[in-house]
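Peer 1: Sharing a structure here in structure tokens format.
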Amino acid sequence: MAYQTGFMYPESTPTVDYHWRDGVGLLMTVFGALYASSGNTFYGSENNSGNIYNFNVNSGQPTLVSDGPVSGVNDGARCVYAADPSILTTSTSSTMTSTTSSSTISSTSATPTCTSGLNWAYYDFNQSPSNTTSYPGQIPFHVVASGDAWADTYNNVRTVLSGQSPQTTGVTNLVGTTFGGNCAETTDPTPVVYGTTVNSGSRYWYIQQTGYFHPNVSGTYTFAFGTADEGGYVWIGDKAVTGFTNANADLTRYTQQPATVPTFTFTAVAGQYYPIRFLYVNAQGCYQHSLTITNPSGAVVASQTVPATNTIFVPGGCGNAPAQFDITPPGTSTTTPTVTTSPTSSTSTTSPATTSTDTLTSSTTTTPTTTDTSTTSSSTTSSSTSCVVSLTSTASAAAPAGATAQVVVPACATVMRFTVLGGGGGGGGAGASINGSIAVTPGETVLLLAGGAGTRVNAVGAAGQSQYGNGGSASNNGGGGGGASALYLGQNLLAVAGGGGGGSIVVSNNGQGAYELNYNYIGGTSNAGDKGSSYNITLPSGTVTSTSNGGAPGTQILAGAGGTWTGLGTSANGNAGSGSVGGNGIAGAGGSFNDGSGGGGGGYRGGGSGATGYYSVGSTVQRMPAGGGDGSSFVDASVSDSFQGLAASTAPGRVVVSFA
Numbered sequence: 000m001a002y003q004t005g006f007m008y009p010e011s012t013p014t015v016d017y018h019w020r021d022g023v024g025l026l027m028t029v030f031g032a033l034y035a036s037s038g039n040t041f042y043g044s045e046n047n048s049g050n051i052y053n054f055n056v057n058s059g060q061p062t063l064v065s066d067g068p069v070s071g072v073n074d075g076a077r078c079v080y081a082a083d084p085s086i087l088t089t090s091t092s093s094t095m096t097s098t099t100s101s102s103t104i105s106s107t108s109a110t111p112t113c114t115s116g117l118n119w120a121y122y123d124f125n126q127s128p129s130n131t132t133s134y135p136g137q138i139p140f141h142v143v144a145s146g147d148a149w150a151d152t153y154n155n156v157r158t159v160l161s162g163q164s165p166q167t168t169g170v171t172n173l174v175g176t177t178f179g180g181n182c183a184e185t186t187d188p189t190p191v192v193y194g195t196t197v198n199s200g201s202r203y204w205y206i207q208q209t210g211y212f213h214p215n216v217s218g219t220y221t222f223a224f225g226t227a228d229e230g231g232y233v234w235i236g237d238k239a240v241t242g243f244t245n246a247n248a249d250l251t252r253y254t255q256q257p258a259t260v261p262t263f264t265f266t267a268v269a270g271q272y273y274p275i276r277f278l279y280v281n282a283q284g285c286y287q288h289s290l291t292i293t294n295p296s297g298a299v300v301a302s303q304t305v306p307a308t309n310t311i312f313v314p315g316g317c318g319n320a321p322a323q324f325d326i327t328p329p330g331t332s333t334t335t336p337t338v339t340t341s342p343t344s345s346t347s348t349t350s351p352a353t354t355s356t357d358t359l360t361s362s363t364t365t366t367p368t369t370t371d372t373s374t375t376s377s378s379t380t381s382s383s384t385s386c387v388v389s390l391t392s393t394a395s396a397a398a399p400a401g402a403t404a405q406v407v408v409p410a411c412a413t414v415m416r417f418t419v420l421g422g423g424g425g426g427g428g429a430g431a432s433i434n435g436s437i438a439v440t441p442g443e444t445v446l447l448l449a450g451g452a453g454t455r456v457n458a459v460g461a462a463g464q465s466q467y468g469n470g471g472s473a474s475n476n477g478g479g480g481g482g483a484s485a486l487y488l489g490q491n492l493l494a495v496a497g498g499g500g501g502g503s504i505v506v507s508n509n510g511q512g513a514y515e516l517n518y519n520y521i522g523g524t525s526n527a528g529d530k531g532s533s534y535n536i537t538l539p540s541g542t543v544t545s546t547s548n549g550g551a552p553g554t555q556i557l558a559g560a561g562g563t564w565t566g567l568g569t570s571a572n573g574n575a576g577s578g579s580v581g582g583n584g585i586a587g588a589g590g591s592f593n594d595g596s597g598g599g600g601g602g603y604r605g606g607g608s609g610a611t612g613y614y615s616v617g618s619t620v621q622r623m624p625a626g627g628g629d630g631s632s633f634v635d636a637s638v639s640d641s642f643q644g645l646a647a648s649t650a651p652g653r654v655v656v657s658f659a
């Protein structure tokens, strides 16, 4: 007798002996186990020959599918996959015990089906005694003037979480938080977290969410932080598990960030599991974190009011998802969570910011083999190996440090998809965003260069750093230019995303008298592809007395020229970019007032810095530094499906690649 092991229907009967008589010779054929397929069709093996047949209940006719027995192919000891009998494998271990009178099949229990949602945890903290320093369990008060520094440095998420444990936990399909609290701070808020009322009287708290992003459609997903009072962070990939920091967040948002909504795009493959972590901060009386996630067609798949469906988010440890990873804060966990159980086959190098190189897994399918011993049972296993790309590789810069990573195209890959984001300018414009794909060959080397964000902290504008092209530095309240981000395949340059130009601060002084001068914004944003912010000085009559021009953006051929000052006043023109490096901002025009202009962004060709100067009439002094121009971008002709846009304003650069 030839046995087939596996799952079959009806469930109450482990084996079915089906007797079929042909219409001519009235010969009896006995089938062993039958396996339900679609409609009224079953698959099974004929006991005498071991042949595998497709049997239609309605017609009463079996159809030969595969001869047997053939050792190692259909030798009566291999499972038949019901939907396709040519697939002789299963991922479920099983053992069959046979006796002279009956046969029974037992199998290990199946992995639980995934429940949709993310784990969440609420932490009740205190105010730090310092507005610029974090301590375990203590968040610094959000001072508006601190700008980028509060979200990037002062509110150090790993320090605050160190040694802490959550007060309340749960599971939710929502992301972000709805508006709550008391902005006037006359009373302390009582936060309601995903329908659960947590500790009352809390102005300082964190909420974390962890789990896996499990898209059902391949393509580019967009994460957008409309508001974050006081702060919000997103991490995706390996770093979301244990290595998350302020510097390597894929998306950061804080209260006083410019009006432009920061976004982060992520290219995902349907059915894959990507570790993800969200963190929301409150450091005053009221709160709201309006995070929205849209799919490749632009539809919202999750927000603070739209719950995710179709297991787009799962906690992990179910179905085919990797194990859940700890939401427990750093410093309290005694074990290192495991994201995948397969060997890694790619590496990364980091300098000096952080990078994450996600794993390429080699999955093994185990096929149970069962031998009929009449009174005893035995089982053996055989394995087949195939390459599967489970995650992406990322180089994430900081502010102002750049980052690099190097990966090798895996054996199973034919296409590489990528996103390249230039570093934002300090207090200025957004870097460029480039998406695309290209055919690849296994073994090729891919180099990721991420440009740092320019800064403007305590009147000093540091240049965003990049191994491709730095931004320009600045001083006296000028913002540093963002660094360029680039992607190489072997020695071939595939793409460069220009860094944003640095911003500037316009100042009007009038002593104690009436204003006798005005100023007008006349164009330029310091964003990718644009010149720096520019201004006119005018008399009350509307007559223009002076113009302070922002730096020019880089082009495909030349670096951008420095901005010029025209008209009356004490002034200085900006510096031109040089090669792929942005021009340094001007510290001031000399004389009584010195206000720094914005530095140019790094890029395929660097942007120029802005002009600066001032003009006075009576008691009014109008001080007018201009912004830096953006670095230019580049996409090689070999790239397919390329698309260019803007990265998040002021955010550090990032390069993300995935293989298929």
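Residue numbers (numbering that gives the first Met the number 0): 0 to 659.
Even glycine gets a Cβ: it sits at the ideal position worked out from N, Cα and C.
1) Would you kindly report the start and end of the unbroken beta strand (DSSP E) that includes V280?
2) Just the Cα atoms here: how many angstroms apart are A660 and G584?
3) Whose C-beta lies closer than 7 angstroms to the C-beta of N526 among residues of the same chain, with five residues either side of it excluded?
4) Within the chosen definition, does the region 519 to 538 reach the region 500 to 510 through at least 3 CB pairs nearer than 8 angstroms?
5) Distance, Cα to Cα, L516 vs S547?
6) With a threshold of 8 angstroms, are at least 3 pairs of Cβ atoms found where one atom belongs to the region 616 to 634 and the other to the region 592 to 604?
7) Is DSSP giving R157 helix, strand or coil here?
8) Within 10 angstroms of the Cβ of V495, are there 16 or more other Cβ atoms? Answer buried if so, exposed if not.
9) Is it buried or exposed, N519, if we count other Cβ atoms within 10 angstroms and call 16 or more buried?
10) For G425, which residues of its own chain have a beta-carbon under 6 angstroms away from its beta-carbon, when the five flanking residues on both sides are left out?
11) Are there three or more Cβ pairs, one per stretch, closer than 8 angstroms when the region 416 to 423 is compared with the region 465 to 484?
12) Per DSSP, which one or two residues make a beta bridge with G231?
13) Does the beta-carbon distance from G470 to G550 come in below 9 angstroms?
14) Cα separation between T114 and G210?
15) Would N118 and V170 qualify as a contact pair, given that the criterion is a beta-carbon distance under 9 angstroms?
16) CB T403 to CB V439, shorter than 9 angstroms?
17) Assign Q207 to buried or exposed, taking buried as 16 or more other Cβ atoms, counted over all protein chains shown, within 10 Å of its Cβ.
18) Tell me, to the nearest whole angstrom, how far the beta carbon of A298 is from that of T262; I am working on the premise that it is less than 8 angstroms.
19) Using DSSP with H/G/I as helix, E/B as strand and the rest coil, what is T685?
20) Contact criterion: CB-CB distance below 9 angstroms. Does G169 meet it with respect to chain D?
21) By alpha-carbon positions, which one of G595, P441, S465, S545 ends up nearest to A458?
22) May I ask you to report which of helix, strand or coil DSSP gives T308?
23) For T131, name the three-state secondary structure that DSSP assigns.
24) With distances taken Cα to Cα, identify the nearest neighbour of Y203 among G589, G136, G489.
25) Could you please give me the residues that DSSP links to F680 through a beta bridge?
26) Can the beta-carbon of Q287 be found closer than 9 angstroms to that of A227?
27) Could you check how far apart the C-beta atoms of A588 and T569 are, in whole angstroms? I think they sit under 8 angstroms.
28) Mind checking D151: buried by the 16 CB within 10 Å criterion, or exposed?
29) With C-beta atoms as the reference, is L666 less than 9 angstroms away from G435?
30) Would you identify the three-state DSSP class for T114, choosing helix, strand or coil?
31) Leaving aside the five residues before and after G531 along the sequence, list all residues of the same chain whose C-beta is less than 7 angstroms from its C-beta, in chain order.
32) Name the DSSP bridge partner or partners of G169?
33) Just confirm the distance between the C-beta atoms of G468 and G451, as a whole number of angstroms; I'd bet it's less than 8 angstroms.
34) Return helix, strand or coil for A239, following the three-state DSSP convention.
Peer 2: The answer reads as follows:
1) Counting from one through the sequence shown, the residue named residue 280 turns up at place 281. 273 to 282 is the extent of the beta strand (DSSP E) around V280.
2) What the structure shows of the chain is the stretch from 0 to 659, and residue 660 is not part of that stretch, so it cannot be assessed.
3) For the purposes of this step, residue 526 is taken as residue 527 along the sequence shown, with counting starting at 1. G428, A429, G499, D629, L645, listed in sequence order.
4) yes
5) Sequence index remark: in the sequence shown, residue 516 carries index 517 (1-based). Sequence index remark: in the sequence shown, residue 547 carries index 548 (1-based). Whole-angstrom Cα-Cα distance: 15 angstroms.
6) yes
7) On the sequence shown, residue 157 is found 158 positions in, with the first residue counted as 1. R157: helix per DSSP, three-state reduction.
8) Here residue 495 is taken as the residue at index 496 of the sequence shown, counted from 1. Buried.
9) Within the sequence shown, the letter at position 520 stands for residue 519. Burial check for N519: the Cβ neighbour count within 10 Å stays below 16, so the residue is exposed.
10) Residue 425 sits at position 426 when you count from the first residue of the sequence shown. Sequence-distant partners of G425 (beyond 5 residues in either direction) whose C-beta falls short of 6 angstroms from its own C-beta, in its chain, are G453, T454, R455, G460, G478, G479, G501.
11) At 8 angstroms Cβ cutoff, the stretches touch.
12) One-based indexing of the sequence shown puts residue 231 at position 232. The partner list for G231 (beta bridge, DSSP) reads R252, Y279.
13) Counting from one through the sequence shown, the residue named residue 470 turns up at place 471. Counting from one through the sequence shown, the residue named residue 550 turns up at place 551. No, these two residues do not count as a Cβ contact at 9 angstroms.
14) Here residue 114 refers to the residue found at position 115 when the sequence shown is read from its first residue. Here residue 210 refers to the residue found at position 211 when the sequence shown is read from its first residue. Roughly 11 angstroms between the two C-alpha positions.
15) Mapped onto the sequence shown, residue 118 falls at position 119. Mapped onto the sequence shown, residue 170 falls at position 171. In this structure, V170 lies closer than 9 angstroms to N118 by Cβ.
16) Within the sequence shown, residue 403 is the residue found at index 404, counting from 1. Within the sequence shown, residue 439 is the residue found at index 440, counting from 1. No, these two residues do not count as a Cβ contact at 9 angstroms.
17) Within the sequence shown, the letter at position 208 stands for residue 207. Answer is buried; the Cβ neighbour count reaches 16.
18) Here residue 298 refers to the residue found at position 299 of the sequence shown. Here residue 262 refers to the residue found at position 263 of the sequence shown. Contact doesn't hold; Cβ gap of about 16 angstroms is too wide.
19) Not covered by the structure: residue 685. The range shown for the chain is 0 to 659.
20) The displayed structure is made up of one protein chain only, and chain D is not part of it.
21) In the sequence shown, counting from the first residue as 1, residue 458 sits at position 459. Selected option, being the one with the closest Cα: G595.
22) Residue mapping note: residue 308 aligns to position 309 of the sequence shown, counting from 1. Note: T308 maps to coil in three-state DSSP.
23) Here residue 131 refers to the residue found at position 132 of the sequence shown. Coil at T131, not helix or strand.
24) The count along the sequence shown starts at 1 and reaches residue 203 at position 204. Ranking G589, G136, G489 by Cα distance to Y203 puts G136 first.
25) Any property of residue 680 remains undetermined from this structure, which presents the chain solely from 0 to 659.
26) The sequence position of residue 287 within the sequence shown is 288, counting from 1. The sequence position of residue 227 within the sequence shown is 228, counting from 1. Yes, Cβ-Cβ distance for Q287 and A227 is below 9 angstroms.
27) Translated into the one-based positions of the sequence shown, residue 588 becomes position 589. Translated into the one-based positions of the sequence shown, residue 569 becomes position 570. 5 angstroms between Cβ atoms; contact.
28) Reading the sequence shown from its first residue, position 152 is the one you call residue 151. Residue burial annotation: D151 is buried, with at least 16 other C-beta atoms found within 10 angstroms of its C-beta.
29) The structure shown has nothing for residue 666, since the chain only spans 0 to 659.
30) One-based indexing of the sequence shown puts residue 114 at position 115. If DSSP states are grouped into helix, strand and coil, T114 belongs with coil.
31) In the sequence shown, the residue the question calls residue 531 occupies position 532. Within the same chain, G531 has close Cβ partners G500, G523, S525, G549, G550, G562, G597, G609, A625, G626, G627, G628.
32) Taking the sequence shown and counting its residues from 1, the one referred to as residue 169 is at position 170. DSSP lists W119 as partners of G169.
33) Taking the sequence shown and counting its residues from 1, one reaches residue 468 at position 469. Taking the sequence shown and counting its residues from 1, one reaches residue 451 at position 452. Not quite, the Cβ-Cβ distance comes to about 11 angstroms (not below 8 angstroms), so this is no contact.
34) To locate residue 239, count along the sequence shown from 1; it is residue 240. It is helical.
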